[in-house]
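Working notes for the structure below.
Protein chains: 2
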Amino acid sequence: MAEKWVYLFDDVDQAEKKAGSWEGVRALLGGKGANLADMTRIGVPVPPGFTVTTEACNAFLAHDKTLPDGLWDQVLEAIKAVEKKTGKVFGDAKNPLLVSSRSGAKFSMPGMMDTVLNLGMNDKSVEGMIELTGDARFVYDSYRRLVQMFGSVVLEITDTAFEEPMDEYKEERGLKLDTELEAEDWKTITEMFKKVIKKHKGFEFPQDPNEQLRLSIEAVFGSWFGKRAVDYRNAAGISHDLGTGVNIMTMVFGNMGDDSGTGVAFTRDPATGERVLYGDYLLNAQGEDVVAGIRNTKPIAELEKDLPEAYKTFVDICGKLEEHYKEMQDVEFTIERGKFWMLQTRDGKRTANAAMRIAIDFVDEGMISKEEAVLRITPDQVDALLHPQYDHQALQSAREEGKRFASGVNASPGAAVGRVYFDADTAETKAKEEGQDVIMVRPFTKPDDVHGMLASKGILTSEGGATSHAAVVARQFGIPCIVGASEIKLDLKKRNFTANDITVKEGDWISVDGTTGEVFLGQLPTTMPSFEEQEELLTLLTWADEITAGDDVREGPKGFPTKGLQVWANADYPADARRARDYGAQGIGLCRTEHMFFEQERLPIVQRMILADSSEDRTKELDKLLPFQRSDFDGLFEAMTGLPVIVRLIDPPLHEFLPELVELVEEIATMRAKGETKGLKEKEELLVSVQSLHESNPMMGLRGVRLSIVMPEIVEMQVRAIFEAAADVKLRGFDPHPEVMIPLTGHINELTAIQPRLEEIASDVMEKKGVEFEYKFGTMIEIPRAALTAEEIASVAEFFSYGTNDLTQMTFGYSRDDAERNFLLTYVEQGILPVNPFQSIDGDGVGRLMEMCTAEGRKARPELEVGICGEHGGDPDSIKLCHKYGLNYVSCSPFRVPVARLAAAHAALGK
Amino acid sequence: MAEKWVYLFDDVDQAEKKAGSWEGVRALLGGKGANLADMTRIGVPVPPGFTVTTEACNAFLAHDKTLPDGLWDQVLEAIKAVEKKTGKVFGDAKNPLLVSSRSGAKFSMPGMMDTVLNLGMNDKSVEGMIELTGDARFVYDSYRRLVQMFGSVVLEITDTAFEEPMDEYKEERGLKLDTELEAEDWKTITEMFKKVIKKHKGFEFPQDPNEQLRLSIEAVFGSWFGKRAVDYRNAAGISHDLGTGVNIMTMVFGNMGDDSGTGVAFTRDPATGERVLYGDYLLNAQGEDVVAGIRNTKPIAELEKDLPEAYKTFVDICGKLEEHYKEMQDVEFTIERGKFWMLQTRDGKRTANAAMRIAIDFVDEGMISKEEAVLRITPDQVDALLHPQYDHQALQSAREEGKRFASGVNASPGAAVGRVYFDADTAETKAKEEGQDVIMVRPFTKPDDVHGMLASKGILTSEGGATSHAAVVARQFGIPCIVGASEIKLDLKKRNFTANDITVKEGDWISVDGTTGEVFLGQLPTTMPSFEEQEELLTLLTWADEITAGDDVREGPKGFPTKGLQVWANADYPADARRARDYGAQGIGLCRTEHMFFEQERLPIVQRMILADSSEDRTKELDKLLPFQRSDFDGLFEAMTGLPVIVRLIDPPLHEFLPELVELVEEIATMRAKGETKGLKEKEELLVSVQSLHESNPMMGLRGVRLSIVMPEIVEMQVRAIFEAAADVKLRGFDPHPEVMIPLTGHINELTAIQPRLEEIASDVMEKKGVEFEYKFGTMIEIPRAALTAEEIASVAEFFSYGTNDLTQMTFGYSRDDAERNFLLTYVEQGILPVNPFQSIDGDGVGRLMEMCTAEGRKARPELEVGICGEHGGDPDSIKLCHKYGLNYVSCSPFRVPVARLAAAHAALGK
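Each protein sequence line maps, in turn, to chains A and B.
Position one of the first sequence corresponds to residue 743 (the numbering used here), numbered consecutively onward.
Position one of the second sequence corresponds to residue 743 (the numbering used here), numbered consecutively onward.
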């Protein structure tokens, strides 16, 4: 017996039996066909029809584009069954059955073949139909549509080949709108279109309805490997093996009078999620007319007045469909002479807000579980709710109007509108003193630009990648940021920049979309949600936390019992820490102490400390810094009372605190050449220091624990400040949990050389202050060698925190400062790398190290606290891996905490 | 029963039974004591005596410096046994037994307690001894020595406390030499010395011989934790748990007339290895006199005339000892009134040449196997034979005369004497045009300094580490080189440098010792061995190769059957390849193609190629380079006919071929400030290119395969050149085996993106030339991620070659250019790292990656050829690891090939 290639919409049970699951039915019949059959099964009125399977498509493509054995017979049989249901006959001259043909794969995808309507008409049946309907204009218009669609869609003749002669015809007669054309006009035009087919293809438009049908089916199958479809599948990562189905459905007409109509609708408001029908319809019209916008459509609510019976049916059907699919639906319908027909249903697209509301309402309505609700929200949707966004419509218009004049890496999401300034000082002055909204534009940023960045609404750089300084700081502080916008040519002397022939001067307005990476001229309107007021989001994240904790109880770090994967935050200042806590962070995974060194009143002290000739002079300067650091930590510990706070000791190379070498050399050369002596000697002396601290590859240089071993005074001061602050906070009645993190460890001996002397300071401070509290000493794992020798290192370190930025940098050998600009984005574009490993953890390489390291570290110390504090901590795919590796927490910027909470729940649910 | 703490020299069998092995006996009795007992056992005349064990020492130290139970009784018992043998009585007034006391641990080490002679004398026995010998002067002199030695060695009174009064005494009486002093003088001096002891210690010199003995033994034990001994053990990596033994031996006197004498000798010539007794003796003298050099010693051969009987005994004993120890011996002897006594024997130190000759002679004499012979030569000794060396004596004198004025990292071994020049061009001109011997002195070197380096006899830099550019190039070409000599302050404008207050001007002579890292003023004499003429070395290395191949037959890469670990060489030019082959290399593991780009006539073409705006312009320049590259490869393939040649495609970042950014900025700033316009525009344009290619961390930047993917034209040219050259060579009747190596791979997709198009070029060339030959495409493994995903990568790569320089750099996160200068040497000094990982592979981290990678790579491709081409390929410890990991070959600079051959044999023997 031949295989079954064709399923009537009634045959859905049979299809499900064969496919084994609903997912299988969708694969076999395509999404559209499966849902048509499914609606039929649950008693929703669907015009009779059938689906030719995706397997038939694959068989057709595998055998040199010939229909597989048995297929055509099954089609003819299915047509017979439809004839029986409708009482019409396919190809009949008096009362012909007309059908439409539509493609439909498992996933909806652009580039597949379009719809062909009215299959089954020919010169003879036209006469019969006119007789039957008494409406010659309607019939000839329908026939004209068939010939035109068949020609362009099935026979692939260009649209203009049909449009040109029709336009000429109308012009000759002074006709403008299609509605002005009469039956005779359409008849003439139909004949013209038949000639077009004959001219282009060398054969006549097929009068045999069966041939029309067969050619349509073959054309759908053939379009599976059309260029646009292939490109789309490659880009979206959809398998080329799926194939497409073909849906053949009886035509119903919404243009048969005022008791007819057609429309599209959502079962809930896709913008807000409100539980109301949302959509448009037209009376006495066809689907095309609704979409084309020739006539003004009516809101769906008015249908209740126009056709109360049909409206009631529709409301019932929508309820039924939501009940059945447990999802908000996007539907198409037609009413033919009072009779209601559903032509399509599918899950509806919606805004983040709507998604949230709908998921929660569905739980309230008892339709889905909390787990399902949490899974229905994507991390991107949560993220969108936390940043100012451009108005969707305005964004679209701006693009169409050509206001988008540059683009770059979407480094930190959100919308920012402001005036352009080109240096940190000006940016800060304009913002603070004049209250301007500022967009800071730089080639790249450095630590001493931070004050300007913090004062800005948005940041735009022409260099750097997703983990460049600008990107990291911007994400940290939730500032929208685009980096590596290489089209931009900056002229810092002329104070302007140019991109694609548009020049923007200092003070001009631009709008930066950190979510998409686009830069626009002028001011685009934005909307800004607030976290605390978003009740639905708060509800959903509470559910997420419950799911994450769930039954997956792991023994957590001592003093902080952990269930599942916690979400901590990276925060340097008390205000960040409070925000993080508000957003649901259960600890601070990374407080970077060096940011504290860059503040204006401290930097000169830091520079004198670095340039000190002796340990004594250095200590003298450090003594001045100690109170600053202590007060920084004080606020942090107070804000995080009861929760762990990991403070990382100084990490960057010292030259970052000094002027830039190239600039200094240029300055000195200029002074020398001009014979200027004032201040020259000081600059020359400074140059000697800068040169001696200059490194060819500073990322792999004298920083982190290496610096602490060569120059221990700095970290000794820092540890003293940490413990003095914690002691003070404790004495004020709070509950501090400091954890001291040593960065850049590569060898256990680095820890054994420095940790004991720091622990001694800790004990000393506690003894002097007469107070005790829990604390830990641990290390970053960011050097591959540390990961490879984790068992040794865990014998000394009480916690591990993956610095995945550096770990990725070293494991790949990709300079974070340069790679994205030079080759990394090309790699991602060309598919050499599946994703940018600085945005999402590379499981095979970096992840493998993390997995080994976690397991081996716990061998030496079963209660080892393991987390991640790199930029990846807020990335949902990376969070999945962290869950898989058994980490205790991920730590990310405060603004990502809600996103990470959701992602952690998804990971816990195995999604 | 108390433990046994004391062993008579006769008790060696008992000691061996207890200790379980000869190694155990050496640990128990110390090396000196063990050999004394051993000599006694085989019938060599040794003065009767005993050893107090190292265990006794440890027990003494563990229990608050009290002698363990039973020890003293056992000492007294042993003394009784010695009295019985000698017929003398310890402490007897008439015929006293005198003994010496000497320390002796398992390994000989400086800093332990010195010898005390004549224990057992006191005021009473002096009289008896004078009566017995009739030689009052001898007796009082002996007594004086005891008091002096006991005071300084046992009681730790400073030497000057004894020397000053004696000098005064002699001065008062106008006496100069000790030989001018009479019996009465020595008697007086002895009394003076006793007073010194009383004054310093508050007690009298002990008259009780037992107390003398006990205090001596305790003093030896106590000296185990003396500062010098502890420091030495720390430096030499000797365990502090070993403890020292004490050897008590009957005194024999070589100063009892002309039938007495004393001497030291080697059983073979320690300079040449010749089979002759080699040493000195004095008649009627004590050991001290031989060493002190007061009297002229006689060569040992003359003893045959002076004391034929004793000489014959000595020759027999030497034969017996060599037979017994299978080693050349370093012995001490004394002849007392015609009777021959051996006081010590141990394995003798020797020059590299002697070691070689002795090992081979021992094999010829049937005493040891070839394996043992090979194991007796150290890699350092082989290395010493391949480089010009300073005359040992001259070196010593130069140090003493203060001519050593700076030191640095011993980057490339050998002696170089020349005149100082400060830039590559001058160095080259002076060397080539004036025939001068040149030492090039630079802060550091860059690829465009290579022509000057190649023309120099030696290289000295003030910056950089063991794998800096200067070091790598110098080793590659066997040029002695010191890097990172940070004491040196270079003044390139004044054309001089200063170190430790010594200023060296351009043109001055200096001598550079690349073996030790020392820099000397002036010209030190050198000697230069030649490889081909060193028959012993050739013999030994042939044996080494046989051992390496041995039974350890691994299936090698197809076409090149491998047994054991082969040694290949890194060579860029045909001359290097020929040298490598002469030195025994079995392939070329690394030909760096970019050196070829730096040659003078090519560099401008390379620069134009880099700056080209279009792919066409670039290809035009590359077409000009192709013939150069082809001819480079042609010579290489011809020289290596029948053997594999791995050619690495272009690796460094492009900016290395352009001027340096900082210099260019300085130049332009100066021109601008001075208003100079000529050539300014060109320089400004160049600056734009240099800036656009500038990277913050170039080591992790756009280089290697990344460059090939972004700009494939260069490697396409290179592969064409490789295969055209191989084809030409094949057509001339040679047998080329090219292997194309893609550098810096981190992801399999990098290979799949580039390798197929290169393989296509290979096929294309072979087809056009109408010739076929074997070839491979493979990759460097130098990025940790490549090692972590080896199984995937081996599915495409046909061979792996570890680039351990970069792999170490990335695994540790240590910038090769900076780390040694900034912290790495400090790390090694402080013991944070056991060795510099750029010199010797870090087994725990980098090695672990290599081991995983090799095993997983072979899972995917069992015949995978795996080797190492980093600087570590010539390091013996690293070679051991490579053997352990199952590599097919190590590749090192041609000059290291013999060293590596020996080290490979050692590895094969498990040593």
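Where is the CB? At the ideal position from N, CA and C, for every residue including glycine.
This structure is a prediction, so every number in the text was calculated from the model and none was measured.
The bridge partners DSSP lists for A:C1060 come to none. The alpha helix (DSSP H) runs lying completely inside the segment 969-1049 of chain A and spanning 4 residues or more are 969-978, 1029-1034 and 1045-1048, given in chain order. For B:T1281, the closest C-alpha among the options B:D1089, B:K941, B:V1124 and B:T1171 is that of B:V1124. For the segment 1560-1574 of chain A, the residues whose beta carbon sits under 8 Å from a beta carbon of chain B are, in order, D1560, A1561, N1564, F1565, T1568, Y1569, Q1572, G1573 and I1574. Shown here, B:E1078 sits in a strand according to DSSP, grouped into three states. For B:L1332, there is no enclosing alpha helix (DSSP H); the enclosing beta strand (DSSP E) covers residues I1330 to R1334.
Straight across, the Cα-Cα distance linking A:E1248 with A:G1177 is about 16 Å. Around the beta carbon of A:P1050, a 10 Å sphere encloses fewer than 16 other beta carbons of the protein chains shown; the residue is thus reported as exposed. Looking from the CA of A:S1537, the closest CA among A:G1589, A:K1601, A:L1566 and A:G1615 belongs to A:K1601. Annotation: A:C1624 to A:I1610 spans about 8 Å, alpha carbon to alpha carbon. Against B:A1536, chain A offers no close residue; the least beta-carbon distance is about 14 Å (beta-carbon pairs closer than 9 Å).
Out of B:I1330, B:M1459, B:S1204 and B:A798, the CA that lies nearest to the CA of B:T1361 is found in B:M1459. Minimum Cα-Cα distance from A:G996 among the listed residues A:Q954, A:T1076 and A:G1150 corresponds to A:T1076. The contact set of A:N1312 on chain B, defined by CB atoms closer than 8 Å, is empty, because the minimum CB distance reaches about 21 Å. Within the segment 848-934 of chain A, the complete alpha helix (DSSP H) segments of 4 residues or longer fall at 865-875, 878-891 and 901-915, listed in chain order.
Listed in chain order, the alpha helix (DSSP H) elements of length 4 or more contained wholly in the segment 1102-1136 of chain A are 1112-1118 and 1121-1126. In the three-state reduction of the DSSP assignment, B:I1525 falls in the coil class, being assigned neither a helical nor a strand state. Note on geometry: alpha-carbon atoms of A:L1444 and B:A1467 lie some 45 Å from one another.
Closest option to A:S867, judged by alpha-carbon separation, among A:A878, A:V858 and A:V1570: A:A878. B:A961 and B:S1620 have their alpha carbons spaced roughly 42 Å apart.
Counted as a single uninterrupted DSSP element, the stretch harbouring A:Y749 is not any alpha helix (DSSP H) but the beta strand (DSSP E) occupying residues V748 to L750.
Secondary structure at B:G1200: strand, using DSSP grouped into helix, strand and coil.
A distance of 8 Å or more separates the beta carbons of A:I1289 and A:A1313.
The DSSP-derived three-state label of B:C1611 is coil. The Cβ of B:R1590 sits closer than 8 Å to at least one Cβ of chain A. Any Cβ of chain A closer than 8 Å to the Cβ of B:L1486 would place that residue at the interface, and such an atom is present. At a Cβ-Cβ threshold of 8 Å, A:A1212 and A:A1148 do not count as neighbours. Counting along the chain, no beta strand (DSSP E) covers B:K1362; the unbroken alpha helix (DSSP H) around it starts and ends at S1357 to A1381. Identification of chain A residues near B:Y1020 by a Cβ-Cβ cut-off of 9 Å yields none; the smallest Cβ-Cβ distance measures about 46 Å. The shortest C-alpha to C-alpha distance from A:Q1497 to any of A:A1539, A:F1056 and A:G1488 is the one to A:A1539. A straight line joining the alpha-carbon of B:D1586 with that of B:D1365 spans about 46 Å. A:E1175 carries a helical assignment under DSSP once its states are collapsed to helix, strand and coil.
Proximity of the segment 1371-1379 of chain A to the segment 1469-1487 of chain A meets the contact definition, three or more beta-carbon pairs being nearer than 8 Å.
The segment 815-840 of chain B contains no complete alpha helix (DSSP H) run of 4 or more residues. Looking at the backbone, the Cα of B:S1434 and that of B:E1424 are separated by about 16 Å.
Counting only runs of 4+ residues, the alpha helix (DSSP H) found wholly inside the segment 1568-1639 of chain B occupies 1590-1602 and 1618-1626, in chain order.
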